[in-house]
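A.B. asks: Heads up: the sequence shown begins at 0 in numbering that gives the first Met the number 0, then just goes up one per residue. Attaching a single structure in structure tokens format; questions to follow.
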Amino acid sequence: MIEPGKLVRVKIGDLTLNAELYRSDAAEDFWESLPQSGTVNRWGQEVYAAIPLQLEPTAEDREVVFVGELAYWPPGSALCVFWGPTPASRSPEEIRAASKVIPLGRLRIVPTPDLDSSQAGDTITVERAE
């Protein structure tokens, strides 16, 4: 099990959310790279943005994620935030990435219906909150 760790702020357009990174090597590498910014794309109830970071696959990589989870998608070098079903989900309750992602952390308040207002073209920024 991945334990919670360092605090970050996630800004998407005008929305600011707090998140906690997991205690993992991948999350630590992400922390060391902060701040990170990119242009938002939408895929169902997921936002993702390409960022200049390369993370190696881990034993924790998975396709099914939790509400409010932050993850890194290696094929697109992208930061992802999930809050509901995606086109890959196999049921209305499942949140599934396009392929395996590296879990990085989780939003501190879920569910987060405000994320539905995010749009392609918005800017996402993740920065240290400590």
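The beta-carbon is built from N, C-alpha and C at its ideal position, and this holds for glycine as well. Nothing here was measured: the structure is a model prediction, and the numbers come from that model.
(1) Find the nearest neighbour of THR38 within the set ILE123, PRO84 and ASP13, judged by alpha-carbon distance.
(2) Counting only runs that start and end within the stretch 18-43, where is the alpha helix (DSSP H) found for 4 or more residues in a row?
(3) Sort out for me which residues DSSP pairs GLY104 with in a bridge.
(4) Give the DSSP-derived three-state secondary structure of MET0 in the structure shown.
(5) Got a sec? Which residues, its chain only, sit under 6 Å from ALA87 by beta carbon, not counting five neighbours each side?
(6) Using the C-alpha atoms, what's the distance from ALA48 back to ALA77?
(7) Just the Cα atoms here: how many angstroms apart are ASN137 and ALA119?
(8) Would you decide whether ALA127 is buried or exposed? Buried here means 16 or more other CB atoms lie within 10 Å of its CB.
(9) Residues in its own chain within less than 6 Å of PHE81 by CB, not counting five upstream and five downstream?
C.D. replies: Checking against the coordinates, here is how it stands:
(1) Counting from one through the sequence shown, the residue named residue 38 turns up at place 39. Answer by Cα proximity: ILE123.
(2) Listed in chain order, the complete alpha helix (DSSP H) runs (minimum 4 residues) inside the stretch 18-43 are 24-32.
(3) Residue numbering aside, residue 104 sits at position 105 when the sequence shown is read from its first letter. Answer is LEU20 and LEU69.
(4) Position 1 of the sequence shown, counting from 1, holds the residue named residue 0. Note that MET0 scores a pLDDT of 45, beneath 50, so its modelled location is shaky and nothing firm can be said.
(5) In the sequence shown, residue 87 corresponds to position 88, counting from 1. Contacts found: ARG95 and ALA97.
(6) One-based indexing of the sequence shown puts residue 77 at position 78. One-based indexing of the sequence shown puts residue 48 at position 49. Between ALA77 and ALA48, the alpha-carbon positions lie close to 5 Å from each other.
(7) The shown model of the chain, from 0 to 129, leaves out residue 137, and the question about it has no answer.
(8) Taking the sequence shown and counting its residues from 1, one reaches residue 127 at position 128. The residue you asked about is not Ala; residue 127 is Arg in the sequence shown. By the neighbour-count rule (16 or more Cβ atoms within 10 Å), ARG127 is not buried but exposed.
(9) Taking the sequence shown and counting its residues from 1, the one referred to as residue 81 is at position 82. If we look at PHE81 and ignore the five residues flanking it on each side, its Cβ neighbours are GLU45, VAL64, GLU68 and ILE94.
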